[in-house]
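Chains as they are written, first to last, in UniProt numbering: chain A, 1 to 216; chain B, 1 to 216.
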DNA sequence: CGTCGTACTATACACTGTACGTTAGCGACC
DNA sequence: GGTCGCTAACGTACAGTGTATAGTACGACG
């Protein structure tokens, strides 16, 4: 057997390859065996560097979070918050698997902490007390997570013509007597869902509520 | 072979059993073979009623959405919105698999439309124009989805002592020089994340932003 | 040069979803 | 009442999955 020489692997290399496989085959088509094959290595070789698949997921997540730009200084704090949230959305859109990685596993890792530090310190230095800062952080994070996850979902779905056709069919099967508002607004919902405008609309609502409650 | 008599199955029965399996074994331990076994039937029997696993997922989702209570009338519209969002959160907490079912598949189905109709009609009759109503609906839905998905995630994680221990370890490994705010607020984050209070905090921000922009 | 730890391999197991072809129970019709 | 056809449920099979366990050869170090 043409045994691969030792020390050709490293956790860095495994993570990079895993990420590449994820972006190529999608998060669903991702498998340890696929990564191993890409590396020209047996499936069990990965277990030298990661305890299991979830462990590798965590590493990929942190690898992606490293791509988050630093928060822009020299702006009023609501604008800084807005920028961070937008940056996270953009990163998730560029790497759709990130959405699933963030939603399905608890946060951990150095780079993830770095991003949290950025947002939390802005909130704290804006005058929010510790509890409110923590609550606001969680609210903003889960908002971005939910909104962007949904946005990705929609765009994936609309790129599959078969699924799109079935979705249209199920929409048109709705009685406009039973669900008048849904039928009326279906075009609006389809048109507006997704996109930066939709995201900013929700983010603006949150920030408006937030600035309204902070003492001047 | 003791062949089971014909017409012992029905889509209703399959969905109910599938839901039961999901709540028993968790959404991850769910499998078609598990459902079939529970029904005392071969795996392929399910394909008479559902085209594939995703199709069954959609049916389960709609089955759960049927449990959403009707929106309470005779309240100012922001309170109606609040009630609907809270009801959806409660339903998701009672049936944790619902979170994944909502996040991973496009919406469809009769009961799902019923819920959407409830929220949309409140928004419309509050005076919002069609586009804003649609945007607001999407914002509220994705907020509830993100916040509650995260809440479920946290509670699941905190019930697994092994994962909890590793999470604490990774928290304590953070340098308080590099991440002072994260370290400072870690207790707050752990204490406040999850729970109705956290949910209501975010919901209040959204509603405050919303009422601030509606012409009296 | 010998030895030891470990990075990688091989094999195996218990699963998964589902494509394909078969069979038998039931309702309907003669 | 007997027969036929439809189709619900079956059995088999395949290509995958994650990972437990045991083995093997290579690189570094004494």
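In this text, a Cβ means the ideal position worked out from N, Cα and C, and glycines have one as well.
Item to complete: Verify the CB distance criterion: does residue 121/A have a CB-CB separation below 9 angstroms to chain B?
Response: Counting from 1 along the first chain, the entry for residue 121/A is found at position 121. With 9 angstroms as the cut-off, residue 121/A counts as an interface residue toward chain B.
Worksheet entry | Span separating the alpha-carbon of residue 137/B from that of residue 4/A | Residue numbering aside, residue 137/B sits at position 137 when the second chain is read from its first letter. Residue numbering aside, residue 4/A sits at position 4 when the first chain is read from its first letter. Cα-Cα distance, rounded: 55 angstroms.
Worksheet item: Ordered along the chain, which non-local residues of its own chain (more than five positions away) have a Cβ less than 7 angstroms from that of residue 53/B?
Response: One-based indexing of the second chain puts residue 53/B at position 53. 32, listed in sequence order.
Worksheet item: residue 96/B by DSSP, collapsed to three states: which one?
Response: The residue labelled residue 96/B in the question sits at position 96 within the second chain. Coil at residue 96/B, not helix or strand.
Worksheet item: In whole angstroms, what is the alpha-carbon distance linking residue 80/B and residue 115/B?
Response: Reading the second chain from its first residue, position 80 is the one you call residue 80/B. Reading the second chain from its first residue, position 115 is the one you call residue 115/B. Their backbone Cα atoms lie some 13 angstroms apart in a straight line.
Worksheet item: Looking only at C-alpha atoms, which of 18/A, 85/A, 21/A sits nearest to residue 204/A?
Response: On the first chain, position 204 is the one that residue 204/A refers to. If we check each option's Cα against that of residue 204/A, 85/A comes out closest.
Worksheet item: Mind pulling the chain A residues with CB within less than 8 angstroms of residue 62/B?
Response: By 1-based counting over the second chain, the position of residue 62/B is 62. Residues of chain A passing the Cβ test: none, with the nearest at roughly 11 angstroms.
Worksheet item: Do we get a CB-CB distance below 9 angstroms when we pair residue 1/B with the residues of chain A?
Response: Reading the second chain from its first residue, position 1 is the one you call residue 1/B. In this prediction, residue 1/B scores a pLDDT of 46, lower than 50, which makes its location untrustworthy; the coordinate-derived value is nonetheless stated afterwards. No, residue 1/B lies away from the interface with chain A (no Cβ there is under 9 angstroms from its Cβ).
Worksheet item: Should the segment 25–40 of chain B be called in touch with the segment 64–83 of chain B, which here means at least 3 C-beta pairs below 8 angstroms?
Response: no
Worksheet item: Between the beta-carbon of residue 96/B and the beta-carbon of residue 182/B, is there less than 9 angstroms?
Response: If you number the second chain from 1, residue 96/B lands on position 96. If you number the second chain from 1, residue 182/B lands on position 182. Contact flag unset, no.
Worksheet item: For residue 187/B, which of helix, strand or coil comes out of DSSP?
Response: Reading the second chain from its first residue, position 187 is the one you call residue 187/B. Looking at residue 187/B - three-state DSSP - the assignment turns out to be helix.
Worksheet item: Based on Cα-Cα distance, which residue from 15/B, 135/B, 101/B lies nearest to residue 191/A?
Response: Here the question's residue 191/A lines up with position 191 in the first chain. Of 15/B, 135/B, 101/B, the residue nearest in Cα terms is 135/B.
Worksheet entry | Close Cβ partners of residue 193/A (< 8 angstroms) along its chain, the five nearest in sequence each way excluded | Your numbering for residue 193/A matches position 193 in the first chain. The residues are 150, 151, 154.
Worksheet item: Would you say residue 36/B and residue 44/B are within 9 angstroms of each other, going by their C-beta atoms?
Response: Numbered from its first residue, the second chain carries residue 36/B at position 36. Numbered from its first residue, the second chain carries residue 44/B at position 44. Against a cut-off of 9 angstroms, the Cβ pair of residue 44/B and residue 36/B comes out as a contact.
Discussion item. Three or more C-beta pairs under 8 angstroms: does that hold for the segment 172–179 of chain B against the segment 111–126 of chain A?
Written reply: yes
Discussion item. Can you give me the C-alpha to C-alpha distance between residue 20/A and residue 78/B, rounded to a whole angstrom?
Written reply: If you number the first chain from 1, residue 20/A lands on position 20. If you number the second chain from 1, residue 78/B lands on position 78. Roughly 46 angstroms between the two C-alpha positions.
Practice prompt. Taking C-beta pairs closer than 8 angstroms, name the residues in chain B that residue 55/A reaches, listed in chain order.
Written response: Indexing the first chain from 1 puts residue 55/A at position 55. What residue 55/A touches in chain B: nothing, since even the nearest Cβ is about 10 angstroms away.
Discussion item. Looking at residue 58/B: is its Cβ nearer than 9 angstroms to the Cβ of residue 105/B?
Written reply: Along the second chain, one-based indexing puts residue 58/B at 58. Along the second chain, one-based indexing puts residue 105/B at 105. The answer is yes: Cβ separation under 9 angstroms.
Worksheet item: In chain order, what residues of the same chain lie with their CB nearer than 6 angstroms to the CB of residue 210/A, ignoring the 5 residues before and after it?
Response: Here residue 210/A refers to the residue found at position 210 of the first chain. Nothing meets the Cβ criterion.
Fill in: The alpha helix (DSSP H) enclosing residue 219/B, as first and last residue numbers
Nothing can be reported for residue 219/B, as the shown portion of chain B is limited to 1 through 216.
Worksheet item: In angstroms, rounded to a whole number, what distance separates the CA positions of residue 212/A and residue 127/A?
Response: Along the first chain, one-based indexing puts residue 212/A at 212. Along the first chain, one-based indexing puts residue 127/A at 127. Approximately 13 angstroms, taken between the alpha carbons.
Worksheet item: Taking the alpha carbon of residue 12/A as the point to measure from, which residue in 40/A, 202/A, 46/A has its own alpha carbon closest?
Response: Here residue 12/A refers to the residue found at position 12 of the first chain. Per the Cα distances, 46/A.
Worksheet item: Quick one: which chain A residues come within Cβ less than 8 angstroms of residue 204/B?
Response: Mapped onto the second chain, residue 204/B falls at position 204. Here the neighbours are 209.
Worksheet entry | Cα-Cα separation between residue 40/A and residue 22/A, rounded to whole angstroms | For the purposes of this step, residue 40/A is taken as residue 40 along the first chain, with counting starting at 1. For the purposes of this step, residue 22/A is taken as residue 22 along the first chain, with counting starting at 1. Their backbone Cα atoms lie some 17 angstroms apart in a straight line.
Worksheet item: Where does residue 167/B fall in DSSP's three states?
Response: What you label residue 167/B is simply residue 167 of the second chain in a count that begins at 1. Residue 167/B sits in a helix when the DSSP states are folded into three classes.
Item to complete: Look at the Cβ atom of residue 130/B, then the Cβ atom of residue 188/A, and state whether they are nearer than 9 angstroms.
Response: Within the second chain, the letter at position 130 stands for residue 130/B. Within the first chain, the letter at position 188 stands for residue 188/A. Contact flag set, yes.
Worksheet item: Of all Cβ atoms in chain A, is any one closer than 9 angstroms to the Cβ of residue 144/B?
Response: Translated into positions along the second chain, residue 144/B becomes position 144. Closer than 9 angstroms to some Cβ of chain A, the Cβ of residue 144/B qualifies, so yes.
Worksheet item: residue 77/B CB to nearest chain A CB: under 9 angstroms?
Response: Here residue 77/B corresponds to residue number 77 of the second chain, with the count starting at 1. Answer no: the Cβ-Cβ gap between residue 77/B and chain A never drops below 9 angstroms.
Worksheet item: Does any C-beta atom of chain B lie closer than 9 angstroms to the C-beta of residue 44/A?
Response: Translated into positions along the first chain, residue 44/A becomes position 44. No, residue 44/A lies away from the interface with chain B (no Cβ there is under 9 angstroms from its Cβ).
Discussion item. Quick check on residue 179/B: does DSSP put it in helix, strand or coil?
Written reply: Position 179 of the second chain holds residue 179/B. Correct three-state label for residue 179/B: coil.
Discussion item. Can you tell me whether residue 205/A is helix, strand or coil according to DSSP?
Written reply: Taking the first residue of the first chain as 1, we reach residue 205/A at position 205. Judged by DSSP in its simplified three-state form, residue 205/A adopts helix.
Worksheet item: With respect to the alpha helix (DSSP H) encompassing residue 27/B, which residues constitute its N-terminal and C-terminal limits?
Response: Here residue 27/B corresponds to residue number 27 of the second chain, with the count starting at 1. For residue 27/B, there is no enclosing alpha helix (DSSP H), as DSSP marks it with neither H nor E.
Item to complete: Put residue 50/B into one of helix, strand or coil per three-state DSSP.
Response: Walking along the second chain from the start, residue 50/B turns up at place 50. Here residue 50/B sits in coil by DSSP.
Worksheet item: Taking the alpha helix (DSSP H) that residue 145/A falls in, what are its first and last residues?
Response: Counted from its first residue, the first chain places residue 145/A at position 145. Counting along the chain, the alpha helix (DSSP H) containing residue 145/A begins and ends at 130–159.
Worksheet entry | Rounded straight-line distance, which links the Cα of residue 107/B to that of residue 101/B | Walking along the second chain from the start, residue 101/B turns up at place 101. Walking along the second chain from the start, residue 107/B turns up at place 107. Near 9 angstroms, if we compare the C-alpha coordinates of residue 107/B and residue 101/B.
Worksheet item: What beta strand (DSSP E) runs, 3 residues minimum, are completely inside the segment 57–105 of chain B?
Response: none
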